[in-house]
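So the protein sequences, as listed, match chains A and F.
Mapping to this note's numbering: the first sequence position 384 is 384, numbers consecutive.
Mapping to this note's numbering: the second sequence position 163 is 1163, numbers consecutive.
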Amino acid sequence: MFDLDKWQEIFSTINKNRMRTFLTGFSVAWGIFMLIILLGSGKGLQNGIDAQFKNDAVNTIWFGPGTTSKAYKGLQAGREIKFTNEDYEYIRKHIDGLDKVSGRYYMWQNRVISYKTEYGVFDLIASHPDYFDIENATMTEGRFLNQIDIKKRRKVVAIGEPVRKALFKNGGSPIGEYIKVNNIPFQVVGVFHEKNERDETRLYLPISTAQMISGGADRVHNFAVSSYLSAAESEELEKTIRTKLAERHRFDKDDQNAMWMWNTLKEYKKFTNLFLGIQIFVSIIGAFTIIAGIVGVSNIMIIVVNERTKEIGIRKAVGATPFSVISMILLEAVLITGLAGYIGLVLGVGLLSMISSILPQNDFFQNPEVDFTVALVSTVVLIVAGTLAGLMPAIRASRIRPVVALRDE
Amino acid sequence: MLNNTKSLNPFLMITLKNLHKSYVTGNNSLHVLKGISLEIEEGEMVSVMGASGSGKSTLLNVLGILDNYDSGEYYLNKMLIREINETRAAQLRNRTIGFVFQSFNLISFKNALENVALPLYYQGVSRRKRNQIAMEYLDRVGLKDWWTHLPSELSGGQKQRVAIARSLIGKPKVILADEPTGALDSVTSMEVMDILHEINNEGITIIIVTHEHDIAVRTERSIKLKDGVIENIIYHKSAYRAVSSF
């Protein structure tokens, strides 16, 4: 039902009432703009939190020995618990539901590592091969540690990208080269990459080699295990590990000091819960923003119709039908809110992409973006609401008796 | 009171039979028109006079289908106007009746030409065509050179001439003028009356509500209202109209 003449009439009315048009349009554009910014900021926060956890496998449990704080089965409190290679074998064999298992042995942290004349200080980690998956690393060259390295206590290392950059400046492949760690030569077998730079600036060597070199016998300082379990199952697993190891090492399973545990899934869950909270908060604010927009638009529509009472009366006196009055007011409302909504949408999305390109990558706020469907739906909702808001006064206007409208004040 | 409601006169433009109208405000009912019976022939120029509150404006609103009535009968151009819907009323106003108001009632943001052309917009006449016709009517009231002016840029007399052009453009059968000279000085008033006479000479029925004697004597007869009834009807033999149609 496109009537060119009707649109011409509407355009000429809009054109001659610019202030009124601007005010109506501004309130709509502002509402949409704020909504986009709000939704985008919420998304940015979520992206930031997600990125925090992307570095590690999210279903990892870390645990290590401590000192007992309770007397248990005739044993005094204050006893130091020690984990060994036997515990590693035990965990692999007797605890169900585990995907990857790795022990870690601490020695020579922050040692000077050298290759020919180049050197640097890096973190040295002694672990099992499974540690690679737990850290969510990827190989860029060569291989990671394997079970044969462990068995044969090979003097091999896998180095991170920053280590390669620092030591192999001439650009040659480091694979097969020997680097010196604490003056002991180690052969480089692979180069790995990790998203988290701190976790990348390090070297891995077989746990057995480290135990041998430092005379640590069969000690393991802590374990990291990963699984494919849900949060609830993961908590169950946590309990199983604690109970079984408590039995093995004879400490009270309720003695928190005897063994520390850190369940990343549980921590992640905390964050996702926090985020869910933020999301609900953002949604509520968003809904209220839309409501505020609707109220604003309705208010202006009512004022506009009141202001136009006399004009409507004149139009009716010269032959405007109720339908023509309603359609005139409604089309005008749809046109203004639609156009203004679109402007608000474009400005909001524009500002978000500007923020995303200007703002430095931050741990807690990344890539603010807006789900375009959500943005579009909210714009349409506001336009429809604006139209409905215009409908009531429009119908009322169509019922204005010309006599009343034309009465001299 | 008139009682000559016999057979239908083929020249009757307006016939009122025992028309009653009350306004209800809250619990109070104000009986404004208390049985008006009246016949106006096609081509007549009639004035309606009376003190304020006598019901003359209400009568004009009923005649203009701007307001409804409670009981009695109203025939406009031999058609009974009773309980018709808003859309039909709008069409009748558009095609049969032209209005001239004391306060002009021009749309403030439209220029003289657009104001005059407005009734044709509601008749579905194309923009070009209606602007062309509107220009002709503006020319007739001597305002051709003023067509771009907004109402605020026109004098009272000019505004009323624009309003008259607007009332004529739909080729109405009846012009209803509510105190058309009420806001004008005496010289301008006479000019407006001259224009109304010219229109009347073309056969359009004109009904003027006024309280000014000078205006009333320039019509063929004056219907005097008092307290909602017709008090008397005075026939004028004015200098401008030697022969009354009665």
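Yeah, the Cβ is synthetic: ideal placement off N, Cα and C, and Gly gets one too.
Original post:
Alpha carbon to alpha carbon, what distance is there between PHE1011 (chain F) and VAL28 (chain A)?
Top reply: 58 Å
Original post:
Between which two residues does the alpha helix (DSSP H) carrying TYR268 (chain A) extend?
Top reply: 264-307
Original post:
In the segment 308-328 of chain A, which residues sit with their C-beta less than 8 Å from some C-beta in chain F, listed in chain order?
Top reply: LYS310, GLU311, GLY313, ILE314, ARG315, LYS316, ALA317, VAL318, GLY319, ALA320, THR321, PRO322, PHE323, SER324
Subject >> Runs of beta strand (DSSP E) lying entirely within the segment 1060-1111 of chain F, each at least 3 residues, in chain order >> reply: 1071-1076, 1097-1101
Original post:
Mind checking HIS128 (chain A): buried by the 16 CB within 10 Å criterion, or exposed?
Top reply: buried
Original post:
Taking C-beta to C-beta, are TYR204 (chain A) and LEU145 (chain A) nearer than 7 Å?
Top reply: yes
Subject >> Counted within 10 angstroms of its Cβ, other Cβ atoms place ILE1233 (chain F) as buried (16 or more) or exposed >> reply: exposed
Original post:
Would the segment 1208-1219 of chain F and the segment 1043-1060 of chain F be scored as touching if the rule is three or more Cβ pairs under 8 Å?
Top reply: yes
Original post:
When DSSP builds the beta bridges, which residues end up paired with ALA224 (chain A)?
Top reply: A:TRP62, A:SER102
Original post:
Which same chain residues, not among the five before or five after THR387 (chain A), have their C-beta less than 8 Å away from its C-beta?
Top reply: LEU330, ALA333, VAL334, THR337
Original post:
With 7 Å set as the bound, which would you pick, yes or no: does the beta-carbon of THR1087 (chain F) sit closer than that to a beta-carbon of chain A?
Top reply: yes
**OP:** Report the residue from A:GLY66, A:PHE122, A:LEU351, A:ALA385 whose alpha carbon sits nearest the alpha carbon of GLU369 (chain A).
**Re:** A:LEU351
**OP:** Say whether the segment 1037-1047 of chain F touches the segment 1219-1236 of chain F, bearing in mind that this needs 3 or more beta-carbon pairs closer than 8 Å, one atom from each stretch.
**Re:** yes
**OP:** Using a threshold of 7 Å, state whether the C-beta atoms of ILE81 (chain A) and PRO65 (chain A) are closer than that.
**Re:** yes
Original post:
Would you say LEU406 (chain A) faces chain F, with C-beta separation under 7 Å as the test?
Top reply: yes
Original post:
By a C-beta neighbour count over all protein chains shown, 10 Å radius and 16 as the cutoff for buried, is LYS239 (chain A) buried or exposed?
Top reply: exposed
**OP:** For the alpha helix (DSSP H) holding LYS1171 (chain F), just list the boundary residues, first then last.
**Re:** Here LYS1171 (chain F) belongs to no alpha helix (DSSP H), and DSSP marks it neither H nor E.
Original post:
Which same chain residues, not among the five before or five after VAL220 (chain A), have their C-beta less than 8 Å away from its C-beta?
Top reply: PHE83, THR84, ASN85, ASP87, TYR88, GLY103, ARG104, TYR105, ILE207
**OP:** Return the bridge partner residues of VAL156 (chain A) from the DSSP annotation.
**Re:** A:GLN187
Subject >> Interface flag, PRO393 (chain A) vs chain F, CB-CB below 7 Å >> reply: no
Original post:
Mind checking if ASP5 (chain A) is an interface residue toward chain F, Cβ cutoff 7 Å exclusive?
Top reply: yes
Original post:
Where does LYS1159 (chain F) sit, in a helix, a strand or coil, going by DSSP?
Top reply: helix
**OP:** Kindly identify the DSSP beta-bridge partner or partners of GLU118 (chain A).
**Re:** A:TYR115
Subject >> Within the segment 1204-1235 of chain F, ranges of the beta strand (DSSP E) (whole runs, at least 3 residues) >> reply: 1205-1209, 1221-1226, 1229-1235
Original post:
Based on Cα-Cα distance, which residue from A:LYS269, A:PHE251, A:PHE275 lies nearest to GLY74 (chain A)?
Top reply: A:PHE251
**OP:** Indicate whether at least one CB of chain A lies closer than 7 Å to the CB of ALA1090 (chain F).
**Re:** yes
**OP:** With a threshold of 16 other CB atoms inside 10 Å of the CB of PRO1172 (chain F), please say whether the residue is buried or exposed.
**Re:** buried
**OP:** Can you give me the Cβ contacts of ALA217 (chain A) inside the same chain, cut-off strictly under 7 Å, excluding the 5 residues immediately before and after it?
**Re:** GLN211
Subject >> Cβ shell of LYS1034 (chain F) (< 6 Å), same chain only, five flanking positions each side left out >> reply: GLY1228, VAL1229
Original post:
Among residues of its own chain, excluding the 5 on either side of ASN257 (chain A), which ones have a beta-carbon nearer than 7 Å to its beta-carbon?
Top reply: GLY66, THR67, THR68, SER69
Subject >> Identified DSSP bridge partners for THR67 (chain A) >> reply: A:GLU80
**OP:** Check whether the Cβ of VAL305 (chain A) lies closer than 7 Å to any Cβ atom in chain F.
**Re:** no
Original post:
Got a sec: is the Cβ-Cβ distance from LEU1168 (chain F) to anything in chain A below 7 Å?
Top reply: no
Original post:
Where does ALA424 (chain A) sit, in a helix, a strand or coil, going by DSSP?
Top reply: Given that chain A is displayed from residue 1 to residue 409, the structure contains no residue 424 (chain A) and the question cannot be resolved.
Subject >> Nonlocal neighbours in the same chain, by C-beta distance under 6 Å from SER1054 (chain F), ignoring five residues either side >> reply: LEU1225, LYS1226
**OP:** State yes or no: is the C-beta of PRO174 (chain A) within less than 7 Å of the C-beta of VAL188 (chain A)?
**Re:** yes
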